[in-house]
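Shown next, in structure tokens, is the structure this report addresses.
Written as structure tokens, this is what we have:
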């Protein structure tokens, strides 16, 4: 899985990616025959770039100032041992690392700028040799993190920006995206909602570059629970999902107004359900693996308990 991690950390609960199956295309299940494109075999979401980037601000900063700056014999300082610099000062390492800023009690403390030997830069607030408070980290590849720090970890509110233009803005906990946030990708995809340990987890809205949207529940970067999915051509599904697939009970609406409300399994109609035609005549039936096996009983008018989507004007409110 290609990833785009917390500027420097991994994560723990995740999604499927672009182009891996029929979720990359609008599903068109057929009543009475095989689906043209079975619904929900896999989920085309390219989000893992937010999860596992091999390097970034937090990773570099964890080689703390305490390690990069302390141990006075490694720096060109007025005294190599017992160094008690106070106020403004400069420390330089033989390997090219350089700190310029405030000291207190011989420790980096206050505001300062640390340039790493590899070209990474941190500039901001420090507390006893650790990045703490507001600060900005710039990686040598151009990716950045700017926001709050707590003992060398991204914590609080901040913004990560990658060289390709992808961005995350929101809450961090122990250098992981955690809480409410917004993410956008270079390909135009966007997500706004809850994160847990760098992953989409909780409730949120995702918009694909092709105009598809999903609003609902997530678990470990997968669509799981109840939600609402729309397609740019007017197709709509409202109901239950499991591991990115329609699974449980739900209602699917075609652009021409036909609807299926009933049971789903692994992305396909499976079990008992109701079919409503264009003229709102309803038939009960049995489906298996996306195919209608039989109709039962006579055609009737729809009832509130059928589970059909009667207020189609609500679909437009889902744009992310």
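Numbering (the numbering used here), first residue to last: 614 to 933.
Note that CB positions come from ideal geometry on N, CA and C, so glycine has one too.
A quick note: this is a predicted structure, and the numbers were derived from the prediction, not measured.
Using three-state DSSP, classify residue i as helix, strand or coil.
| i | result |
| --- | --- |
| residue 653 | Below a pLDDT of 50, predicted positions are generally treated as unreliable, and residue 653, at 29, falls in that range; no measurement from the model is reported. |
| residue 901 | strand |
| residue 913 | strand |
| residue 678 | At residue 678, the pLDDT of 47 sits below 50, so the modelled position is not reliable; the number obtained from the coordinates is stated separately. DSSP places residue 678 in helix when its eight states are reduced to three. |
| residue 831 | strand |
| residue 893 | coil |
| residue 853 | strand |
| residue 847 | coil |
| residue 923 | coil |
Within the continuous beta strand (DSSP E) that includes residue i, where are the two ends?
| i | result |
| --- | --- |
| residue 767 | 766-774 |
| residue 877 | 872-878 |
| residue 918 | Segment: none, residue 918 is in no beta strand (DSSP E) and carries neither H nor E. |
| residue 889 | 881-889 |
| residue 840 | 835-843 |
| residue 861 | 858-866 |
Under the assumption that residue i contacts residue j (Cβ atoms under 8 Å), give the Cβ distance between them as a whole number of angstroms.
| i | j | result |
| --- | --- | --- |
| residue 895 | residue 871 | Not a contact, Cβ separation roughly 11 Å. |
| residue 864 | residue 920 | 5 Å |
| residue 834 | residue 813 | 5 Å |
| residue 882 | residue 867 | Not confirmed; about 13 Å, so no contact. |
| residue 875 | residue 862 | 7 Å |
| residue 778 | residue 795 | At roughly 14 Å, the Cβ-Cβ gap does not stay under 8 Å, so residue 778 and residue 795 are not in contact. |
| residue 724 | residue 702 | Rounded, the Cβ-Cβ distance is 12 Å, inconsistent with contact. |
| residue 793 | residue 772 | In fact, because the Cβ distance is near 13 Å, the residues do not count as touching under 8 Å. |
| residue 747 | residue 741 | So it is not a contact: roughly 16 Å between Cβ atoms. |
| residue 790 | residue 781 | 6 Å |
Beta strand (DSSP E) runs wholly inside the region 688-750, at least 3 long, in chain order = Segments of the beta strand (DSSP E) lying fully in the region 688-750: 700-705, 711-717, 720-728 and 734-740.
key: Unbroken stretches of the beta strand (DSSP E), 3 residues or longer, contained in the region 750-827   = For the region 750-827, whole beta strand (DSSP E) runs of length 3 or above, ordered along the chain, are 757-763, 766-774, 780-786, 789-797, 803-809 and 812-820.
message = Under 8 Å, with one C-beta from each stretch per pair, do the region 838-853 and the region 878-896 reach the 3-pair mark?
response = By the Cβ rule, the region 838-853 does not count as touching the region 878-896, because fewer than three pairs are nearer than 8 Å.
task = Answer yes if the region 874-890 comes into contact with the region 820-837, meaning at least three C-beta pairs across the two stretches below 8 Å, and no otherwise.
result = The region 820-837 is not in contact with the region 874-890.
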